[in-house]
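Be aware that the sequence shown starts at 14, since it is given in the numbering used here, and climbs by one per residue.
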Amino acid sequence: MARPRPAPPHCAGSSRPAPGGYATMLLRLYRTVVVGLPQALRVKPTPSRLCLPACSTNDSFKPQHPSLSFSDDNSRTQGWKVMGTLLGLGAVLAYHDHRCRAAQESPQMYTKEEVRSHNSPETGVWVTLGSEVFDVTKFVDLHPGGPSKLILAAGGPLEPFWSLYAFHNQPHVRELLAEYKIGELNPEDNMSPPTLEASDPYADDPIRHPALRINSQRPFNAEPPPELLTENYITPNPIFFTRNHLPVPNVDPDTYRLHIVGAPGGQSLSLSLDDLYKFPKHEITVTLQCAGNRRSEMNKVKEVKGLEWRTGAISTARWAGARLCDVLAQAGHRVRETEAHVCFEGLDSDPSGTAYGASIPLARALDPEAEVLLAYEMNGQPLPRDHGFPVRVVVPGVVGARNVKWLGKVSVESEESYSHWQRRDYKGFSPSVDWDTVDFDLAPSIQELPIQSAITQPQDGATVESGEVTIKGYAWSGGGRAVIRVDVSIDGGLTWQEAELEGEEQRPRRAWAWRIWELKAQVPAEQKELNIICKAVDDSYNVQPDTVAPIWNLRGVLSNAWHRVHVRVVS
C-alpha cells in the first residue's frame, strides 16, 4: 500500500524559506533530537553491552520501535553512533542546505528496475520508502557513518534497514527525507508479485534482509557486511549469518513433532512444541561460526572447494529452549562407559528424501555444564525460518555444522552420524592433501573450533583520516575457551597494541560468546598507509597462526590466520 506523501517542509511552490526559517527548523530539530531523545533513552542499564532488540522474525520487514539500553558512557556513545549511521536519513539532513522540491500534482513514475539500476555513486543512489522514490546521491558523502552504510540500501527499500534501527521511522525524519523525493513507484510494478516456478524447491524460501551479502542463492547462504556485524554484541535476527544446505522447510508448528529415540529399556518420545515448553527453560548467549568462515583468504593461496565466505560467517544470539540432557534423560539415556554419539536429523531434505544430519559425542550432550539446547527462541522470539523454526540444536562452542536446524529426530548411536556432512565434509587436512589423495575416513570430524578474530572496521582498501584511527572487530574461541587478549598492529606486525574487549562476562570454560574489541590508534605523522593486523589469544594461550599458507586445506575450513587489512591515509 502506498504511503501518504508528506509535504516537503518550507515548500510553497518553488519559493525558499524566509531568512531564519532554516534556523528555526534547526533549533526545533536540535531540541527534539539532541535534548528529547536522551531523556527517552534513560532506561534501566543492562550488563556490559548495547542491547539491540531482535527484529521480527516475520518474513515482512515492518519498522518497529525498539527500546535501547546503554550500560555506560562508552555504550551510550556507541548507541549514538549506531543510530546515526545505519541509513540515518534523519536529523542530519537538516544540516544539508539543498533546494526544496516543488510539490508535483503528477509525480514522475519509476519502475523497480529503474530504481535498482541506481545503486552506486556512479549511477546515482536511489532508495524507496513505501511507494515513494528518493535520490539521495548528494547525501552519500555527508552520511555520518560513511558512504558504505548508505550504499547498503542503494537501489532498494529503506524499510528493512529502518526495522533494524527504528529510531529513523519518525515524522520529522520523513519530512526531511521528502526533500529528496523524485517520484513514485509505478503502481502496477509496485503491486506485481514476484514470479516463481511452481516446481522450484526453493520457491517457498523466506524473504531475506537485503543487507546480507549472498554467497549462494540456492541453497541460500549469506553473511552480514562487516560494518554491521560488530555494531552490536547481539546480532539482530534478520542479519544473522545464514548457512543452508537444502531448501528451507515450511513446518506447521501445530502438527510438528520431535522424535526422540529411547534407550534400551527406556521410552521413545514424540514431543510437540507444547511438550517441549514443559521442560525447564534455559537461556544462554552463544556465538555460532561456520567452519568455512574466512575461506576466501585460503582461496587466494590456492583454490579450495566451498562458498566464498569472508569474515561474516559468524554471529551471536540469545538462545532459549529445553536442555538436551533433560530430554534425553526422560527417554532413559545415561552416560555410557563406551563411546556413543547423539545423532540429529533435520526436516530439510533433498529430492531423494535425504535429510541433513550431524552428531556430537553423548558425553557432551548429557553434560549439564555443556548447556546443549533444543532451542525454540532466538533473541526473545520464535526461531526465524532460516534459523531452524520451530526447533534447532544449539551446541555451544562447537562448529555451526553440528547445530542442526528444523530438528526432526534425535537418537543415540554407537557411531557418529552417517550423514554426508558428518563423514565426508567439515574435516581438516594437511596442505599436502589434494582431491586425488584425500581420505575422509582418516580425519576426525570438526567439533570445537580454534581461536579466531577479524577486523570489521576499517575495511580492506578503505581510506582513513590522519590523526586517530578506530579499529574494531570480533574475537572468539571454541570449546568455551575465553578470549583474554586481542593484539593489534598498524605497521604490519612490527609493533603491537592491546585492544579493549567488550561483551558479557562469562564463566570459565563456558565462554560461549564472542568478544567485540576496539582500539583507537594514533597514526604516525606523514604516514600514507597502514597495514593493520589482529590476532587473538584464549585462556589456554592458543593464538592464531600468522599466515594462511601453512593451514591451507582443500575444503578451506578452519581459516584463522592473523587477519590483515590495508588502508590509505589522507590528511
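The beta carbon of each residue, even a glycine, is placed where N, CA and C say it ideally should be. All values reported here derive from a predicted model rather than from experimental measurement.
Counting C-beta pairs with one atom in each stretch, the segment 302 to 310 and the segment 570 to 578 have three or more that are closer than 8 Å, which means they touch. For the pair Val-578 and Ile-468, the CB atoms are nearer than the 8 Å cut-off. Per DSSP, reduced to three states, the secondary structure at Asn-392 is coil, with no helix or strand assignment. Taking a C-beta distance under 8 Å as the contact criterion, Leu-190 and Leu-142 qualify as a contact pair. Counted as a single uninterrupted DSSP element, the alpha helix (DSSP H) harbouring Val-128 occupies residues 125 to 129.
Per DSSP, the beta-bridge partners of Arg-577 are Ile-546. In the three-state scheme derived from DSSP, where H, G and I count as helix and E and B as strand, Gln-510 is classed as strand. Taking a contact to require three or more Cβ pairs closer than 8 Å, the segment 540 to 559 and the segment 501 to 518 qualify as touching. Residue ranges of uninterrupted beta strand (DSSP E) with 3 or more members, entirely inside the segment 337 to 376 and ordered along the chain, are 354 to 362, 368 to 374.
Across the set Gly-278, Ala-276, Tyr-269, Gly-275, the C-alpha of Tyr-269 shows the shortest separation from the C-alpha of Leu-289. In the structure shown, Glu-539 adopts coil according to DSSP, grouped into three states. Take Arg-436, set aside five residues on each side of it, and the residues of its chain with a beta-carbon closer than 7 Å to its own are Phe-453, in chain order. DSSP places Glu-197 in the strand class (E or B) of the three-state scheme. Taking Ala-276 as reference, the option from Asn-234, Arg-129, Asp-380, Ala-353 with the minimal CA-CA separation is Ala-353. Secondary-structure assignment with DSSP links Ile-273 through a beta bridge to Leu-282, Val-423. Sixteen is the threshold: when 16 or more other Cβ atoms of the shown chains lie within 10 Å of the Cβ of Gly-168, as they do, the residue is buried.
In this structure, the beta-carbon distance from Ala-335 to Leu-286 does not fall below 8 Å.
Counting along the chain, the unbroken beta strand (DSSP E) around Arg-226 starts and ends at 226 to 229. For Gly-169, the secondary structure class from DSSP, reduced to helix, strand or coil, is strand. For Gln-280, the CB contacts under 7 Å within the same chain, skipping 5 residues up- and downstream, are Ala-344, Gly-345 in chain order. Inter-residue distance for Leu-360 and Leu-284 is about 15 Å (C-alpha atoms, whole angstroms). By DSSP's assignment, Asn-234 forms a beta bridge with Ser-229, Arg-256.
Sixteen is the threshold: when 16 or more other Cβ atoms of the shown chains lie within 10 Å of the Cβ of Gly-491, as they do, the residue is buried. In the displayed model, Thr-150 falls within a helix according to three-state DSSP. Within the segment 465 to 489, the complete beta strand (DSSP E) segments at least 3 residues long are 465 to 470, 476 to 478, 481 to 489, listed from N- to C-terminus. Our two residues, Lys-422 and Val-146, have alpha carbons roughly 48 Å apart in a direct line. Shown here for Gln-535: same chain residues with a beta carbon closer than 7 Å to its own, the five before and five after excluded, namely Glu-481 in chain order.
Within the same chain, and ignoring the five residues on either side of Trp-509 in sequence, the residues whose Cβ sits closer than 6 Å to its Cβ are Asp-500, Ser-502.
A direct Cα-to-Cα measurement between Tyr-431 and Pro-457 gives close to 13 Å. Straight-line spacing of the CA atoms in Ala-235 and Gly-278 works out to 44 Å. With fewer than 16 neighbouring CB atoms inside 10 Å of its own CB, Ser-445 falls in the exposed class.
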